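Since the structure comes first, as structure tokens, the remarks are kept for the end.
Residue numbers (the working numbering): 27 to 435.
Here it is in structure tokens:
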């Protein structure tokens with residue numbers, strides 16, 4: 027989606043959230059016990075609470091750009107060489123270095139202090155997200171960083187021994203500046219809820235459709251640290267199992283059904299980033315998605331024929347379903363969903379335009395599925411009819427990529 031169109035979508039989804047009405051869990055924690063992971067699009071803090079592992083994403087405070095940048099830089103240095111998330115939950119080899127010796131940290135901080143006196147320093151750093159997009163910067167796709175790369179951010183004179191920490195810093199800054207740019211669209215008096223509102227609304231929708239297990243438990247949380255610093259954001263419970271991208275799942279009807287329903291849920295939410303790296307799978311084939319705040323989620327777009335998570339559209343432009351099977355129970359649930367009750371529960375987090383588009387996606391999806399079933403092009407399956415055989419049939423589809431096919435690659 028082009029940037030001008032994306033910005034327009036953000037503008038028409040503006041929403042004010044009443045912070046005083048949020049049901050917030052208060053937790054006291056020691057900063058030493060927190061675990062940091064900054065390679066995600068939104069930095070993550072992991073912590074243990076009541077014997078379980080949770081992941082926390084902070085809601086940015088509403089403030090001026092200069093203050094925001096200062097906080098981002100301080101938080102980056104504070105997180106260095108701290109504990110990171112468990113390999114049990116993330117075993118993928120990291121694409122860049124994220125630990126550094128004391129000399130590298132001190133020297134890089136001094137380097138930034140020296141650069142701060144330069145004319146374009148502030149402008150370049152606060153444009154990190156735009157520069158990153160323009161040059162295609164992604165630590166997950168490219169780990170060859172040339173002199174031209176550093177020059178783009180005004181770091182042309184950076185010493186070789188500081189390049190690794192600079193890459194890490196610029197990646198964190200990239201996500202942080204994007205968050206600042208979207209801060210004003212969905213907000214309260216004190217915090218921005220642009221990402222958080224999407225995670226909360228996704229869980230509400232999944233619960234209303236009786237498939238809450240597909241989305242991690244999500245709640246508002248305020249963490250008070252030992253120095254009285256307060257972190258406010260969304261906390262999600264660690265999903266059972268392992269990341270799909272970190273495991274070799276056993277092909278089963280259970281897994282096929284779970285991914286088919288997740289695909290349908292994503293169409294309704296307009297969630298475009300539930301690839302194998304963003305959901306867990308258990309040995310029994312149960313699926314739980316844990317990254318539910320993609321910027322496109324709940325965009326006011328009525329289409330149901332978009333390509334999601336690298337897959338072929340579930341429904342083509344002619345309204346034909348491009349899958350062999352659909353779950354009978356879930357179809358009944360979306361056909362009979364109480365839109366009035368759903369609207370009431372989503373209204374605190376989504377605006378009227380977003381909710382209207384969501385309802386249209388539900389209606390269009392139901393129509394497409396019901397028509398395809400009536401024409402004999404799509405078969406309804408009961409829970410016990412999803413088998414290894416039906417899964418193998420889906421894998422044999424030609425020229426159609428499905429959630430299952432991408433998972434089993």
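We put the CB at the ideal spot given by N, CA and C, even for glycine.
Only a predicted model underlies this, so the values are computations on that prediction, with no experimental measurement involved.
Would residue i be called buried (16 or more neighbouring beta carbons within 10 Å of its own) or exposed?
i, result
"residue 435", "exposed"
"residue 229", "buried"
"residue 387", "buried"
"residue 132", "exposed"
"residue 412", "buried"
"residue 420", "buried"
"residue 353", "buried"
"residue 284", "buried"
"residue 158", "buried"
"residue 297", "buried"
"residue 428", "buried"
"residue 31", "exposed"
"residue 72", "buried"
"residue 205", "buried"
"residue 85", "buried"
"residue 70", "buried"
"residue 299", "buried"
"residue 336", "exposed"
"residue 201", "buried"
"residue 161", "exposed"
"residue 29", "exposed"
"residue 433", "buried"
"residue 139", "exposed"
Would residue i and residue j qualify as a contact pair, given that the criterion is a beta-carbon distance under 8 Å?
i, j, result
"residue 68", "residue 223", "no"
"residue 61", "residue 125", "no"
"residue 357", "residue 395", "yes"
"residue 321", "residue 208", "yes"
"residue 42", "residue 260", "no"
"residue 363", "residue 234", "yes"
"residue 270", "residue 305", "yes"
"residue 289", "residue 231", "no"
"residue 214", "residue 74", "no"
"residue 415", "residue 351", "no"
"residue 278", "residue 307", "no"
"residue 426", "residue 355", "no"
Have a look at residue i and residue j and give me their C-alpha separation to the nearest angstrom.
i, j, result
"residue 191", "residue 184", "11 Å"
"residue 53", "residue 316", "21 Å"
"residue 249", "residue 80", "12 Å"
"residue 51", "residue 256", "13 Å"
"residue 418", "residue 349", "13 Å"
"residue 212", "residue 319", "13 Å"
"residue 381", "residue 324", "8 Å"
"residue 105", "residue 98", "11 Å"
"residue 130", "residue 266", "37 Å"
"residue 64", "residue 198", "6 Å"
"residue 174", "residue 280", "49 Å"
"residue 240", "residue 254", "35 Å"
"residue 10", "residue 376", "Nothing about residue 10 can be read from this structure; the chain reaches only from 27 to 435."
"residue 402", "residue 383", "29 Å"
"residue 274", "residue 244", "27 Å"
"residue 142", "residue 91", "15 Å"
"residue 263", "residue 189", "35 Å"
"residue 359", "residue 144", "59 Å"
"residue 88", "residue 27", "27 Å"
"residue 150", "residue 225", "31 Å"
"residue 101", "residue 57", "12 Å"
"residue 227", "residue 127", "41 Å"
"residue 332", "residue 431", "18 Å"
Can you tell me which of the options puts its alpha carbon nearest to the alpha carbon of residue i?
i, options, result
"residue 379", "28, 35 and 30", "35"
"residue 272", "394, 302 and 56", "302"
"residue 246", "44, 48, 39 and 38", "48"
"residue 340", "385, 287 and 108", "287"
"residue 119", "140, 166 and 425", "166"
"residue 251", "31, 130, 39 and 59", "59"
"residue 343", "143, 330 and 355", "330"
"residue 93", "406, 195, 203 and 144", "203"
"residue 170", "383, 404 and 193", "193"
"residue 424", "338, 351, 168 and 91", "338"
"residue 123", "244, 29, 385 and 196", "196"
"residue 186", "405, 244 and 134", "134"
"residue 397", "407, 347 and 201", "347"
"residue 163", "138, 188 and 121", "121"
"residue 399", "433, 409 and 345", "345"
"residue 236", "145, 219, 258 and 361", "361"
"residue 55", "431, 76, 37 and 89", "76"
"residue 147", "226, 365 and 96", "96"
"residue 136", "282, 103 and 37", "103"
Report yes or no: is there a C-beta of chain B within less than 8 Å of the C-beta of residue i?
i, result
"residue 403", "In the structure shown, chain B does not exist; there is a single protein chain."
Taking 8 Å as the threshold, find out whether the region 372 to 390 comes into contact with the region 303 to 316 through three or more Cβ pairs.
no
Take every Cβ of the region 381 to 400, pair it with every Cβ of the region 285 to 302, and state whether three or more of those distances are shorter than 8 Å.
yes
Evaluate the contact criterion for the region 146 to 154 versus the region 172 to 188: three or more CB pairs, one atom per stretch, below 8 Å.
Contact holds: three or more Cβ-Cβ distances are below 8 Å.
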